[in-house]
Amino acid sequence: MPKPAPPPPPPPVAGHAAWEDYAIPGIDVRLRRFLGPRRSGVPAINPVYQFREALVREIAWAVWPHDDGDWSPSLLCGPKSSGKTTLVEQIAAHCNIPVFRTNMNVGTTVRHLKGRRGARQGGTYFVPGIAVTAMEEGAWLLLDEISGATPPVALSLFPILEPGGEVHLEEAEPPRYVERHPDFRIFATDNTIGAEQEDTRFSYGGTNPEVNEALLDRFLSTVQVGYMEPMQEFTAIKATVPGIPAQELEGMIRVARAVRDADDIEHAFGMRMLIAWARRVASGTLTADGTVIPFSATGDDSYLLEQAGPAFLDRIRSRAERDSICEVIRRVFAIETK
Ligand SMILES: Nc1ncnc2c1ncn2[C@@H]1O[C@H](COP(=O)(O)OP(=O)(O)OP(=O)(O)O)[C@@H](O)[C@H]1O
Ligand SMILES: [Mg+2]
Numbered sequence: 002m003p004k005p006a007p008p009p010p011p012p013p014v015a016g017h018a019a020w021e022d023y024a025i026p027g028i029d030v031r032l033r034r035f036l037g038p039r040r041s042g043v044p045a046i047n048p049v050y051q052f053r054e055a056l057v058r059e060i061a062w063a064v065w066p067h068d069d070g071d072w073s074p075s076l077l078c079g080p081k082s083s084g085k086t087t088l089v090e091q092i093a094a095h096c097n098i099p100v101f102r103t104n105m106n107v108g109t110t111v112r113h114l115k116g117r118r119g120a121r122q123g124g125t126y127f128v129p130g131i132a133v134t135a136m137e138e139g140a141w142l143l144l145d146e147i148s149g150a151t152p153p154v155a156l157s158l159f160p161i162l163e164p165g166g167e168v169h170l171e172e173a174e175p176p177r178y179v180e181r182h183p184d185f186r187i188f189a190t191d192n193t194i195g196a197e198q199e200d201t202r203f204s205y206g207g208t209n210p211e212v213n214e215a216l217l218d219r220f221l222s223t224v225q226v227g228y229m230e231p232m233q234e235f236t237a238i239k240a241t242v243p244g245i246p247a248q249e250l251e252g253m254i255r256v257a258r259a260v261r262d263a264d265d266i267e268h269a270f271g272m273r274m275l276i277a278w279a280r281r282v283a284s285g286t287l288t289a290d291g292t293v294i295p296f297s298a299t300g301d302d303s304y305l306l307e308q309a310g311p312a313f314l315d316r317i318r319s320r321a322e323r324d325s326i327c328e329v330i331r332r333v334f335a336i337e338t339k
């Protein structure tokens with residue numbers, strides 16, 4: 002007997018029709034994906050990106066809490082180039098969610114976030130700021146280096162960070178309140194790690210520590226993004242730079258770990274540095290006629306140290322730290338001092 006046809010799908014529920022449940026392959030966390038074609042402003046998917054399940058879970062809780070309570074702004078803390086920004090962007094990329102990203106520094110103004118008046122044909126009109134556009138379009142707003150926000154900018158963020166907060170646009174014509182889209186969410190990243198480095202936070206002149214404490218207080222979800230485990234870091238970099246020989250990459254990751262653990266080196270050893278180093282080492286030298294000469298043909302391992310220079314070493318300001326990192330590289334790869 003033929004099987005009965007499956008029942009038709011239930012009619013779409015008003016207000017939720019645009020979303021479907023979704024999980025990133027291999028990650029056991031329920032997310033939501035916006036149905037339909039790729040929307041404008043959605044970051045591109047990095048096909049070799051390595052998600053860490055615990056971090057994805059934290060983001061999912063902040064964005065779509067499964068107790069049906071309010072969503073919360075999310076603060077991603079962690080050392081330099083540990084993957085804070087790309088975590089938010091890559092989840093958004095999978096979920097078809099546009100991301101508006103901006104950096105908080107002394108030059109970032111309230112007008113940049115909320116909007117300003119522009120001139121046109123003898124009159125003026127309102128140009129919405131990045132936060133207002135994200136709020137009205139239902140995008141994710143990503144504020145990088147939040148500790149760089151000046152007190153007026155920090156104050157202007159307060160109502161934006163509260164799920165039901167009313168944001169008044171004084172410069173709009175006529176002045177009005179922002180119409181919050183229910184899909185709007187907000188994230189911030191910060192290089193310092195939680196309360197541990199409170200002394201060095203917000204360290205430029207003119208900062209009001211109370212304002213900034215109140216700002217951080219509004220991020221009800223904190224995600225600690227540390228460096229990846231060595232095995233996963235290996236997989237991530239090998240996938241990004243397939244040409245890097247396994248043995249060399251293992252050594253590079255050992256160097257990164259030793260530098261991260263060293264008490265006398267404050268400079269962070271992030272993935273960006275590893276990727277830049279691995280790319281150079283994997284690519285060899287290019288001659289005028291297009292021939293590529295692999296470095297390994299040179300016989301000794303000193304090219305690993307030579308390539309570390311332009312990849313990251315030369316940018317490190319402290320000479321003592323540069324020397325310490327050189328020593329670590331020599332030790333790990335058994336490179337003799339010439
Ligand atoms: N999980 C990952 N898988 C693959 N590549 C990654 C991963 N995390 C980070 N990267 C790569 O490492 C680099 C740094 O990542 P990202 O910009 O997210 O770090 P960050 O913590 O925001 O850095 P910063 O502190 O400088 O803002 C990028 O080139 C990114 O592609
Ligand atoms: Mg970042």
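The numbering used here applies: residue 2 is where the sequence shown begins, and numbers increase by one.
Note that CB positions come from ideal geometry on N, CA and C, so glycine has one too.
Per DSSP, reduced to three states, the secondary structure at S75 is strand.
Judged by the Cβ position, D191 fails to qualify as a neighbour of ligand 2 at the 7 Å threshold, every heavy atom of the ligand being at least this far. Around the beta carbon of H95, 16 or more other beta carbons lie within 10 angstroms, which makes this residue buried. Rounded to whole angstroms, T299 and F334 show a C-alpha spacing of 15 Å. The count of Cβ pairs closer than 8 Å, one atom from the region 144–155 and one from the region 104–121, reaches three, so the stretches are in contact. If you check the CB distance, I98 and M136 do not come in under 8 Å.
Selection Y126, K115, A140, G130 evaluated against V89 yields A140 as nearest (Cα-Cα). Of the candidates P164, L216, F185, the residue whose Cα lies closest to the Cα of A155 is L216.
Under the 8 Å Cβ criterion, the region 50–59 counts as touching the region 17–28, having at least three qualifying pairs.
Around ligand 1, the residues whose beta-carbon falls short of 5 Å from at least one of its heavy atoms are Y50, Q51, K81, S82, S83, G84, K85, T86, T87, A237, M272, R273, given in chain order.
Using a Cβ distance threshold of 8 Å, R40 and W20 do not count as a contacting pair.
For W141, the pairing in a beta bridge is given by DSSP as V100, R186.
Closest in alpha carbon position to V226, among T236, I60, F313, is I60. DSSP places P152 inside the alpha helix (DSSP H), whose first and last residues are 152–162.
Counted as a single uninterrupted DSSP element, the stretch harbouring A269 is not any beta strand (DSSP E), since DSSP gives it neither H nor E. For the beta strand (DSSP E) assignment, the uninterrupted runs of no fewer than 3 residues enclosed by the region 208–237 are, from N- to C-terminal side, 222–225. Taking C-beta separations shorter than 7 Å and ignoring five residues to either side along the sequence, the partners of K85 in its chain run L77, G79, T190, V226, following chain order.
Under the DSSP assignment, G310 falls in the alpha helix (DSSP H) whose first and last residues are 303–312.
With contacts defined as CB atoms closer than 8 Å, D71 and P183 fail to qualify as a contacting pair. Between M253 and L221, the CB-CB gap reaches or exceeds 8 Å. Under DSSP, the beta-bridge partners assigned to G116 are P129. Runs of the alpha helix (DSSP H) lying entirely within the region 24–74 and spanning at least 4 residues, in chain order: 54–64. Relative to ligand 2, D290 has its C-beta separated by 7 Å or more from all heavy atoms.
Contact between the region 169–180 and the region 115–123 is established, with three or more Cβ pairs separated by less than 8 Å. Note that the C-beta distance between H268 and E322 is below 8 Å.
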